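See structure below.
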Amino acid sequence: MAIEKATQPDGFGDSGFGDYGAPPAVDLSQYHQPDYAAGGSKAKMMVWWLVQALAFPLTLHASHGVRCWLLRLFGAKIGQQVAIRPTARVTYPWNIEIGDHSWIGDDVVLYSLVPIKIGRHCVISQKSYLCTGSHDISDPRFGLTTGEIVIENGAWVATDCFVGPDVRIGANSIIGARSTVLQTMPPAHICFGTPCVPVKPRPMPA
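Right under this line is the structure:
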């Protein structure tokens, strides 16, 4: 059965391609970022993206100190003995704080439009995505929204998790693999699921 093309309202334009279903609720040609400032100049952003694209992949797998040094050059606050893998990606280093002895795994994304604060002895496992940005779905211009992420001391975000804006993960909590964390999690709990919920207390050393 043929799919009929939708009639677009005035103002949306029509190239004749990709016009399917009901009219769109947003007009991305009018996209805006109200009251948002990245905290760095466009030149600084471009230089950082080049450094991350070219220098990070050339560092040895265990050269955590070199990568921490590069991040600090661009304003990141990074403690002692922090491990950051060469395939980790950071949007704006000046919005990153990582405490002593924490680990950032392979292919982790720190989408740091606003601050991401990671405490001491934390683990962010491979392929996890910490996302401080979203969009206002009630706004026809799809306006940007942001919210800080805080990972408290001793927490472990296991592999392939998504952590959304305005989330705080309590100290010593564990977020199970492939969880979607959309709200704050309490301290010292094992939490998992989509959406992520606290399941049971974490056994703690005596």
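Just so it is clear: in the sequence shown, position 183 is 183 by the working numbering, and no numbers are missing.
Backbone N, C-alpha and C define an ideal beta-carbon position, used for all residues, glycine too.
Fair warning: this is a prediction, and the values are worked out from it, not measured in the lab.
Any contact of the region 62 to 74 with the region 24 to 37, i.e. 3+ C-beta pairs under 8 Å? no
Does DSSP put L54 in a helix, a strand or coil? helix
By Cβ distance, which residues of its chain are closer than 6 Å to R85, with the 5 residues on each side in sequence left out? G105 and D106
Burial state of P9, where buried means 16 or more other Cβ atoms lie within 10 Å: Confidence is the limiting factor: at P9 the pLDDT is only 49, short of 50, which leaves the residue's position unreliable and the question unanswerable from this model.
Would S125 and T91 qualify as a contact pair, given that the criterion is a beta-carbon distance under 7 Å? no
May I ask which residues mark the beginning and end of the beta strand (DSSP E) holding G133? G133 to H135
Check A43 in the structure and name its three-state DSSP category. helix
List the whole-angstrom C-beta distance separating V150 from K117, where the pair is believed to meet the contact cut-off of C-beta under 8 Å. 5 Å
Any chance you could list the beta strand (DSSP E) runs of at least 3 consecutive residues sitting entirely within the region 139 to 206, in chain order? 144 to 146, 149 to 151, 167 to 169, 189 to 192 and 197 to 201
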